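Everything below concerns the one structure shown next.
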Amino acid sequence: MHNSSRNHFELFNLPTRFAIDLSTLDQHYRKLQSAVHPDRFAAAPAAERLHSMQLATQANEAYRTLKDPTARARYLLQINGVDTEEESNTSMPAEFLVLQMEWREAMEDARAQHDIPALDKLLHEMQQESKTLQQHLHWALDEKKAYPEAAETVRKLRFLDKVRDDIQQSISKLEE
Amino acid sequence: MALLQIAEPGMSAAPHQHRLAVGIDLGTTNSLVATVRSGMGTVLLDEHGHALLPSVVRYLPDGQVEVGYAAQAQQSLDPQNTIVSVKRLMGRGIHDIPDIGHLPYRFIDAPGMVQVDTRAGIKSPVEISAGILKVLKNRAEKALGGELTGAVITVPAYFDDAQRQATKDAARLAGLTVLRLLNEPTAAAVAYGLDNGAEGVYVVYDLGGGTFDISILRLSKGVFEVLATNGDSALGGDDFDRRIFCWVLEQCKLQPISPEDTRLLLTKAREAKEWLTDHMEARLTGILSNGEVVDLTLTSAVFNELTRPLVGKTLGPTRKALRDAGLTLENIKGVVMVGGATRMPQIRLAVAELFQQEPLTNLDPDKVVALGAAIQANVLAGNRSDDDLLLLDVIPLSLGLETMGGLVEKVIPRNSTLPVARAQDFTTFKDGQTAMSIHVVQGERELVSDCRSLARFELRGIPPMAAGAARIRVTFQVDADGLLSVSAREQSSGVESNIVVKPSYGLSEDEILNMLQASFASAENDKQVRALREAQVDAERLLEAITAALDKDGEALLNPHELQAIQSQMDALRALSRADDSHAIQDAVESLNQATEYFASRRMDASVKQALAGKNLNTLEI
């Protein structure tokens, strides 16, 4: 394809690392879309329209990936040839598994009692926990290049993201 | 070395030729057409000075078709041949339409989309909508004094792929070149945002005649980025009329009534609803066909009570959209009200209460969508040279595939920014399996049966292998119009069976041509004349676009030899397009397209580099 030589970071003129400036990402994403979006090529020859759609699609995909810390870390590992094994590797440190069970129980309880504030509080707690893990990713990926460790952190974050999705779904069901 | 460029005699070299482009709001109740004239958005009027065209189409006994006020005036007398609110039928099967028993039409259950039996024959909603669009096209061409380059047609943000495809087909059938399908709330945001120089996060609450949309957008320096959208494509002002209608039936203890009486009472209900916008009570009077007299008074208190559940139905999607965007009420800078139904006081009150701020109502809710569409059409046609307006919209409903047990595997989640592509790999589950059937659905539910079926197709020619050895990659691409195309290929064996799927409910090029031919009711050469004209227009556009591209970048990006090659292809196409062989023109267009492929690629590359050039010095931390 057209831009296979540029990775997602390079596409936005960002350093290829975990810690990136999100407002710069936003700005550069908009700048790039302003240049390549199909709306800019509505009257262009077919070949340019096709390139424009491919580039705009790639820009959206890259932006979506980099905006989300879990996806960004997964992508960085992939660039470095490390598979995060999120489907196959389910071994987790015991304390993390216990924590995870506690969250799930807390969620079930709050849901059974239709307690939206409790769910919101839980959501906030998980966001804090995610932030801690993201700090760790910055250290493991950017400072130490400790990829196997980073891969485990990505697996943990994926667990957290799933629980968070479940909590959010529960809240919106209760609000209906 | 610099090459001199000399325009060929008779070919326009004017770079700033104004192209005629319009925005069309194809509404459930009313439709409008607008354009940008000397920088100002203007709604175009008919010869009586009306901006609105009632979306009503009547098939007359003499074979004529009447659209607008004249048709609306006859709806109670000729309800079965006078189609009102056809938008609710677009891309819908007979079972998808709520309250179908209350509609006075003779419906025909057809695969993909319901049809209506009229005295002019069986009509699909696409044909009926094309009737409305044709009137607007004529209105615009008369007002602007020339053939239109293209149109932006608006659709509810919550329209699914089938409804969008149907709308695009209707436009093509009306002879319009569709520059883009644009979501109604996004169009409204453009008109509002540009008018008010707005920056920040805005909510657009759009309750039209038959559809409800909620969109949340971030406005920043001319970029309109949709963060989330939600809605209900079968909820609108019509439903408020129907609540009043049912109340009348109840109050008067009426038996099932004739189509004529149904239409009469629905009209009275609508009038009462509109009256209650500025008054505390409305009187409903009418004489039914059996002589029975209806005379009732509806207070706004009773009306509010009757319609409370409908108002409530808009608030759920609103909260969901907020949650999807990851926002809370404090983030919302303003709430823009769009659609005639937002004139109802109970709606404004409910919205003000939810967002804890007065909604913005300073733009005419009937016109704002068409004006926004006109602004976008002007940009897409290339009339606006400053590059400061960009719309980034999203797909409203998730796309997925059927998996074992009738479950849906989501491939593209809702609210993904367009254009978007996602690939999914599949494998065979039996030894020696050579075919595989793929079922694409749209919706948020987990069961296939609860989602909308978009397309089913069979992938054949998979080389026989052990179960699980084949690797079939299916790619979904959703373009900037929100329309889907699917392609699939088997990769592991090197055998590529590449297919492109068009969803089954869309019309093929042949079907469109046949419908056009039927409507002209004349000979075969109509088809040829049209094909030739279309090929010539295509050729003109391509030549114009390439000339502009060469003017800008030809010297920088091409060597003299490459430039020469492209120019000789252009000369060949110019010569052919003066003759009358449409196939030869098409072939020449195709080969010119191919000859400029590398030029296009270099131009795109250059624009990517230019977009972010020089940025890394000031804004990037190293």
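Chains A and B supply the protein sequences, listed in that same order. So the first sequence is residues 1 to 176, counted in this note's numbering. So the second sequence is residues 1001 to 1622, counted in this note's numbering. The C-beta atom is built at its ideal place from N, Cα and C for all residues, glycine as well. On a predicted model such as this, the values are computed, not experimentally measured, just so you know.
Could you have a look at residue i and say whether DSSP puts it in helix, strand or coil?
i, result
"D1046/B", "coil"
"V1022/B", "strand"
"N60/A", "helix"
"T1035/B", "strand"
"V1116/B", "strand"
"P1560/B", "helix"
"L97/A", "helix"
"A1523/B", "The predicted position of A1523/B is uncertain, since its pLDDT is 46 and thus under 50; no value can be drawn from it."
"K1313/B", "helix"
"M1280/B", "coil"
"Q169/A", "helix"
"A1000/B", "No answer is possible for residue 1000/B: the residues shown for chain B start at 1001 and end at 1622."
"L174/A", "helix"
"N1290/B", "coil"
"E1544/B", "helix"
"G1554/B", "helix"
"G1334/B", "strand"
Listing by chain order, which chain A residues have their CB less than 8 Å from the CB of residue i?
i, result
"S1607/B", "A35, V36"
"T1035/B", "Residues of chain A passing the Cβ test: none, with the nearest at roughly 16 Å."
"Q1610/B", "A35"
"S1591/B", "Under the 8 Å cutoff, chain A gives no residues; its nearest Cβ is about 12 Å from S1591/B."
"R1319/B", "S172, E175"
"A1480/B", "H37, P38, D39, M53, A56"
"A1352/B", "Per Cβ cutoff of 8 Å: no residues; A1352/B is ~19 Å from chain A at best."
"A1198/B", "Simply none; closest approach about 16 Å."
Interface residues of chain A around residue i at Cβ under 7 Å?
i, result
"E1597/B", "A47"
"R1603/B", "E48"
"A1600/B", "P45, A47, E48, H51"
Alpha carbon to alpha carbon, how far is residue j from residue i? Give it in angstroms, no decimals.
i, j, result
"A1341/B", "A1157/B", "17 Å"
"A1613/B", "V36/A", "14 Å"
"E86/A", "Q33/A", "32 Å"
"G1112/B", "R1092/B", "7 Å"
"R111/A", "I1332/B", "28 Å"
"V1135/B", "R30/A", "38 Å"
"G1175/B", "I1024/B", "14 Å"
"E1305/B", "Q1346/B", "10 Å"
"D1062/B", "I1122/B", "16 Å"
"R158/A", "C1451/B", "27 Å"
"G81/A", "V154/A", "15 Å"
"A43/A", "D1551/B", "15 Å"
"G1039/B", "H136/A", "53 Å"
"L1284/B", "L1053/B", "25 Å"
"V163/A", "N1183/B", "33 Å"
"D1587/B", "P1463/B", "35 Å"
"V1408/B", "Q54/A", "27 Å"
"H28/A", "N13/A", "8 Å"
"L174/A", "D1239/B", "26 Å"
"G1068/B", "I1132/B", "8 Å"
List the residues of chain B whose Cβ lies closer than 8 Å to the Cβ of residue i, in chain order.
i, result
"T57/A", "P1419, V1420, A1421, Q1477"
"A110/A", "What A110/A touches in chain B: nothing, since even the nearest Cβ is about 17 Å away."
"N60/A", "S1416, T1417, L1418, P1419, V1420"
Cβ of residue i versus every heavy atom of the ligand FMN: is any distance shorter than 8 Å?
i, result
"H1561/B", "No copy of the ligand FMN appears in this structure; indeed no ligand is present at all."
Starting from residue i, find everything on chain A with Cβ-Cβ shorter than 9 Å and list it in chain order.
i, result
"S1215/B", "Within chain A, no residue comes near S1215/B; the closest Cβ sits about 18 Å away, beyond 9 Å."
"P1223/B", "Note that residue 1223/B is Val in the sequence shown here, rather than Pro. Those within 9 Å of V1223/B in chain A are R30, Q33, S34."
Residues of chain B with a CB under 7 Å from the CB of residue i: which are they?
i, result
"R17/A", "Correct list: empty, because the minimum Cβ distance to chain B is about 10 Å."
"Q168/A", "R1323"
Mind pulling the chain B residues with CB within less than 9 Å of residue i?
i, result
"A43/A", "R1019, T1149, G1150, L1179, L1380, A1381, G1382, R1541, E1544, A1545, A1548"
Quiz prompt | alpha helix (DSSP H) runs contained entirely in the region 1361-1393 of chain B, provided each spans 4 or more residues | solution = Qualifying alpha helix (DSSP H) stretches, in chain order: 1368-1380.
- prompt: Which of the residues in the region 68-98 of chain A, read from start to end, lie with their CB under 8 Å from any CB of chain B?
  reply: none
| task | Go through the region 1120-1176 of chain B residue by residue and report every complete run of the beta strand (DSSP E) that reaches 3 residues or more, in order. | result | With a minimum length of 3 residues, the continuous beta strand (DSSP E) runs that stay inside the region 1120-1176 of chain B are 1121-1123, 1150-1155.
Practice task
Please specify which runs of the beta strand (DSSP E), each continuous and at least 3 residues long, are wholly inside the region 1203-1277 of chain B, giving them in chain order.
Solution key: 1212-1220, 1223-1232
- [ ] Pull out every residue of the region 1389-1410 of chain B whose Cβ sits closer than 9 Å to any Cβ of chain A, in chain order.
- [x] Within the region 1389-1410 of chain B, L1389, L1390, L1391, L1392 place their CB atoms closer than 9 Å to a CB of chain A, listed in sequence order.
Can you list, in chain order, the residues of the region 136-154 of chain A whose Cβ is nearer than 7 Å to any Cβ on chain B?
-> For the region 136-154 of chain A, which is checked against every Cβ of chain B, not one residue is closer than 7 Å.
Got a sec: which bits of the region 1541-1573 of chain B sit with their beta carbon under 9 Å from any beta carbon on chain A, in order along the chain? R1541, L1542, E1544, A1545, I1546, A1548, A1549
Near-chain A residues of the region 1173-1192 of chain B - C-beta to any C-beta below 9 Å: L1179, R1180
The region 1363-1381 of chain B: positions lying closer than 9 Å to chain A by Cβ: Q1376, V1379, L1380, A1381
query = Which runs of the beta strand (DSSP E) spanning at least 3 residues fall entirely within the region 1447-1489 of chain B, listed in chain order?
reply = Those beta strand (DSSP E) runs which fall completely within the region 1447-1489 of chain B and span 3+ residues are 1452-1459, 1472-1478.
### Message
Taking beta-carbon pairs under 8 Å, can you tell me which members of the region 1322-1343 of chain B lie near chain A?
### Response
R1323
| message | Which runs of the beta strand (DSSP E) at least 3 residues long sit entirely within the region 98-122 of chain A? Give them in chain order. | response | none
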